[in-house]
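Peer 1: At the far end of the sequence shown sits residue 400, using the working numbering, and the numbering has no gaps. Structure in C-alpha cells, see below.
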Amino acid sequence: MRSTGTYVTSTTLGESVRAFVPNALLPSAPALSPESFVVPNREAELALARLAGVSGLVPSVDWLLYGAVRKEALLTSQIEGTQASLADLFDEEAGFAVSNSDDVEEVTNYLRAFRFVQGSLRDPAGLPVSVRLLCEAHRLLLDGVRGHNKQPGELRRSQNWIGGTRPGNAAFVPPPPERVPELLSDLERFIHAQPEGGLPPLVRIALVHAQFETIHPFLDGNGRIGRLLIAALMEHWALLNEPLLYLSGYLKQHQAEYYRRLSAIRTDGDWEGWIAFFLEGVAVAATEAERGIVAIASLVAADRRRLLAEPKATPASYRLFEMLPMMPRFSIERVRQSLNTTFPTATAAVKVLEELGIVTELTGQKKNRSYSYQTYIDLLTR
Ligand SMILES: Nc1ncnc2c1ncn2[C@@H]1O[C@H](COP(=O)(O)OP(=O)(O)OP(=O)(O)O)[C@@H](O)[C@H]1O
Ligand SMILES: [Mg+2]
Numbered sequence: 019m020r021s022t023g024t025y026v027t028s029t030t031l032g033e034s035v036r037a038f039v040p041n042a043l044l045p046s047a048p049a050l051s052p053e054s055f056v057v058p059n060r061e062a063e064l065a066l067a068r069l070a071g072v073s074g075l076v077p078s079v080d081w082l083l084y085g086a087v088r089k090e091a092l093l094t095s096q097i098e099g100t101q102a103s104l105a106d107l108f109d110e111e112a113g114f115a116v117s118n119s120d121d122v123e124e125v126t127n128y129l130r131a132f133r134f135v136q137g138s139l140r141d142p143a144g145l146p147v148s149v150r151l152l153c154e155a156h157r158l159l160l161d162g163v164r165g166h167n168k169q170p171g172e173l174r175r176s177q178n179w180i181g182g183t184r185p186g187n188a189a190f191v192p193p194p195p196e197r198v199p200e201l202l203s204d205l206e207r208f209i210h211a212q213p214e215g216g217l218p219p220l221v222r223i224a225l226v227h228a229q230f231e232t233i234h235p236f237l238d239g240n241g242r243i244g245r246l247l248i249a250a251l252m253e254h255w256a257l258l259n260e261p262l263l264y265l266s267g268y269l270k271q272h273q274a275e276y277y278r279r280l281s282a283i284r285t286d287g288d289w290e291g292w293i294a295f296f297l298e299g300v301a302v303a304a305t306e307a308e309r310g311i312v313a314i315a316s317l318v319a320a321d322r323r324r325l326l327a328e329p330k331a332t333p334a335s336y337r338l339f340e341m342l343p344m345m346p347r348f349s350i351e352r353v354r355q356s357l358n359t360t361f362p363t364a365t366a367a368v369k370v371l372e373e374l375g376i377v378t379e380l381t382g383q384k385k386n387r388s389y390s391y392q393t394y395i396d397l398l399t400r
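And the structure:
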C-alpha cells in the first residue's frame with residue numbers, strides 16, 4: 019500500500035494524539051496511474067466545455083453568473099450547516115427583512131471572499147494563488163458574528179481534530195500547528211510548478227483540494243476555503259472562464275462519500291479513488307448546470323415573447339424585464355431606483371409584468387409590496 023504521510027505525536031487538551039503529516043504532492047510509490055483518470059478526466063473536461071458553450075443561449079452571461087455564483091455560495095455554506103435559502107439572499111439584496119440574517123451573512127461573506135480571490139487572480143498586479151491570498155479570503159469568510167472567535171485570516175496556532183468528541187477519538191487529527199506553514203508552502207509550490215508527467219489540470223485541482231483539507235490550516239472554514247480554491251483554480255487553469263459550476267451541490271449530496279474519500283487517502287493511500295470521485299462530481303455538476311442554463315434560457319425567452327405580444331407593455335416594463343434575472347425580488351422603490359424613473363412609471367411597469375403572471379406579489383398588502391420572479395427562482399432552486 020502507498021504511504022501518503024507520517025504520524026507524529028502531538029498534544030492537545032492534555033491528551034497525546036497521533037497527528038497526520040501528509041507527504042508533499044505528487045503521490046508516489048507508486049505514482050498515479052494514468053489509466054485511473056484519463057477517461058473520467060476527458061468526460062469532465064467535455065462537460066465543462068459544453069457548460070462554457072451553452073452560456074451563449076442568453077443575451078448576457080452576467081444573468082447566469084448572478085444565479086450560479088450565489089448558488090455555489092449557498093451550497094458550500096449549507097455543507098457547513100447554514101440554513102439560508104436562495105430566496106433569503108435575493109430578499110436581502112432587495113432590502114427586505116430576512117429572519118435568519120446570520121445565515122445570510124455567512125453566505126454573503128463567501129461571495130465576498132470568492133470575488134476577492136477571483137479579482138486578485140484576474141488582476142496582473144493582484145496576489146497570486148498563495149497562502150496570503152487564502153488567508154485574506156479566510157478573513158472575509160469569517161468576518162462578523164459567527165467567525166470572530168475563529169481567528170479570521172490566520173493560520174491556526176493549536177492542534178485541531180475532525181469528528182469525535184475529543185482528540186483521542188477523532189476521525190482525523192491534522193498536522194500539528196507548527197508544521198502548517200511549511201506544508202502550505204509545499205502546496206503553493208506544487209500549484210505554481212510546471213505540471214509533472216502531463217498531469218491534467220482537473221486532476222491537479224483534485225490533489226490540491228484534498229491536500230488542503232488534510233493540512234486543515236484554519237480553526238474553521240477549511241471546507242469552504244478549500245472549495246473556493248477549486249472554483250478559483252478552474253478559472254485560473256482555463257477549464258471554465260466564468261464560475262458557472264456549483265460543485266458544492268454534488269459534494270453536499272454526497273457528503274459522506276466526500277469525507278470518506280478524503281480519509282481513504284490517508285488511511286489506504288487511495289489517491290485514485292478520490293480523484294475518480296472528484297472527476298465524476300465535476301462531470302455531473304457541469305451537466306446539471308448546463309441543463310439549468312437551458313431551462314432558464316427557455317423560461318426567459320418564453321416570458322419575453324409574452325411581453326412582446328402584450329399591447330399594454332411600456333418602455334419601462336421592457337427595461338424591467340431585462341433586469342429580472344439579476345433582480346428576482348424587488349419592491350416598487352427598487353424598480354424606481356434601478357430604472358431611474360418616477361414612482362408611477364415604475365408601478366405601471368411592474369403592473370404589466372404582474373398581469374402577465376411573469377412576476378407575483380408576495381405580501382397581499384396594499385403597502386410595502388414585494389414582488390418575485392418566482393418561476394425563475396424555482397428553476398434556480400431546483
Ligand atoms: N476525514 C476527513 N479528512 C480530511 N478532510 C476532511 C475529513 N472530513 C471532513 N474533511 C474536510 O473538512 C471540512 C470541514 O472543515 P471546517 O469545519 O474547518 O470547514 P467549514 O468550511 O467550516 O465546514 P464545511 O466544509 O462543513 O462547510 C469538510 O468540508 C471537508 O472538506
Ligand atoms: Mg466548520
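Ideal Cβ positions, reconstructed from N, Cα and C, are used throughout, including at glycine. Quick caveat, the model's predicted, so the values are computed rather than measured.
Between E373 and P346, what straight-line distance do the alpha-carbon atoms span, to the nearest angstrom?
Peer 2: The sequence position of residue 373 within the sequence shown is 355, counting from 1. The sequence position of residue 346 within the sequence shown is 328, counting from 1. Whole-angstrom Cα-Cα distance: 17 Å.
Peer 1: State yes or no: is the C-beta of G239 nearer than 8 Å to some heavy atom of ligand 2?
Peer 2: Translated into the one-based positions of the sequence shown, residue 239 becomes position 221. For ligand 2, at least one heavy atom lies less than 8 Å from the Cβ of G239.
Peer 1: May I ask whether a heavy atom of ligand 2 can be found less than 8 Å away from the beta carbon of E98?
Peer 2: Here residue 98 refers to the residue found at position 80 of the sequence shown. E98 Cβ: within cutoff of ligand 2.
Peer 1: Which residue marks the beginning of the alpha helix (DSSP H) containing E110, and which one marks its end?
Peer 2: Taking the sequence shown and counting its residues from 1, one reaches residue 110 at position 92. Residues L104 to A112.
Peer 1: Could you check which residue in H166, L247, V87 and L202 has the C-alpha nearest to that of A224?
Peer 2: Working through the sequence shown from its first residue, we reach residue 224 at position 206. Checking every option, the nearest Cα to that of A224 belongs to L247.
Peer 1: Whose CA, out of R197, A188 and G162, lies closest to the CA of S176?
Peer 2: As a working mapping, residue 176 is identified with position 158 in the sequence shown. Ranking R197, A188 and G162 by Cα distance to S176 puts R197 first.
Peer 1: Would you mind listing the alpha helix (DSSP H) stretches within the region 60-94 that are 4+ residues and don't spill past its ends, in chain order?
Peer 2: As far as the region 60-94 is concerned, it has no whole alpha helix (DSSP H) run of at least 4 residues.
Peer 1: May I ask which residues mark the beginning and end of the alpha helix (DSSP H) holding A334?
Peer 2: On the sequence shown, position 316 is the one that residue 334 refers to. Taken as a continuous stretch (DSSP letters only), the alpha helix (DSSP H) holding A334 covers P333 to M341.
Peer 1: Measuring CB atoms only, is the region 20-35 touching the region 182-201, in the sense that at least three cross pairs come out at less than 8 Å?
Peer 2: Yes, they touch.
Peer 1: Closest to H227 by C-alpha separation, out of S266, E340, E200 and A256, would be which residue?
Peer 2: One-based indexing of the sequence shown puts residue 227 at position 209. H227 has its Cα closest to that of S266, out of S266, E340, E200 and A256.
Peer 1: When the distance is taken between beta carbons, is L173 closer than 9 Å to P142?
Peer 2: Here residue 142 is taken as the residue at index 124 of the sequence shown, counted from 1. Here residue 173 is taken as the residue at index 155 of the sequence shown, counted from 1. No; because the gap between Cβ atoms is not below 9 Å, this pair is not in contact.
Peer 1: Is any heavy atom in ligand 1 found nearer than 8 Å to the beta carbon of H234?
Peer 2: Translated into positions along the sequence shown, residue 234 becomes position 216. Yes, the beta carbon of H234 sits closer than 8 Å to at least one heavy atom of ligand 1.
Peer 1: Whole-angstrom Cβ separation of N118 and Q101, contact assumed at under 8 Å?
Peer 2: As a position in the sequence shown, residue 118 is number 100, starting the count at 1. As a position in the sequence shown, residue 101 is number 83, starting the count at 1. Yes, N118 and Q101 are in contact; Cβ-Cβ is about 6 Å, under 8 Å.
Peer 1: I'd like to know whether the C-beta atoms of Q96 and A250 end up nearer to each other than 9 Å.
Peer 2: Working through the sequence shown from its first residue, we reach residue 96 at position 78. Working through the sequence shown from its first residue, we reach residue 250 at position 232. No, they are not a contact pair.
Peer 1: For the region 75-92 against the region 324-336, are there 3 or more C-beta pairs whose distance is under 8 Å?
Peer 2: As far as the Cβ criterion goes, the region 75-92 does not touch the region 324-336, which means the pair count is below three.
Peer 1: Count the other CB atoms within 10 Å of the CB of F108; is the residue buried (16 or more) or exposed (fewer)?
Peer 2: Position 90 of the sequence shown, counted from the start, is the residue given in the question as residue 108. Answer is buried; the Cβ neighbour count reaches 16.
Peer 1: Roughly how many whole angstroms lie between the Cα atoms of I56 and R222?
Peer 2: What you label residue 56 is simply residue 38 of the sequence shown in a count that begins at 1. What you label residue 222 is simply residue 204 of the sequence shown in a count that begins at 1. The amino acid occupying residue 56 in the given sequence is Val; Ile does not appear at that position. Rounded to the nearest angstrom, the two C-alpha atoms are 13 Å apart.
Peer 1: Grab the span of the beta strand (DSSP E) containing R36 for me, first residue to last.
Peer 2: Start at 1 with the first residue of the sequence shown, and residue 36 comes out as number 18. Note, R36: beta strand (DSSP E), E33 to P40.
Peer 1: Measure the C-alpha to C-alpha separation of L44 and A211 and round it to an integer number of angstroms.
Peer 2: Translated into the one-based positions of the sequence shown, residue 44 becomes position 26. Translated into the one-based positions of the sequence shown, residue 211 becomes position 193. Spanning the two alpha carbons is a distance of roughly 11 Å.
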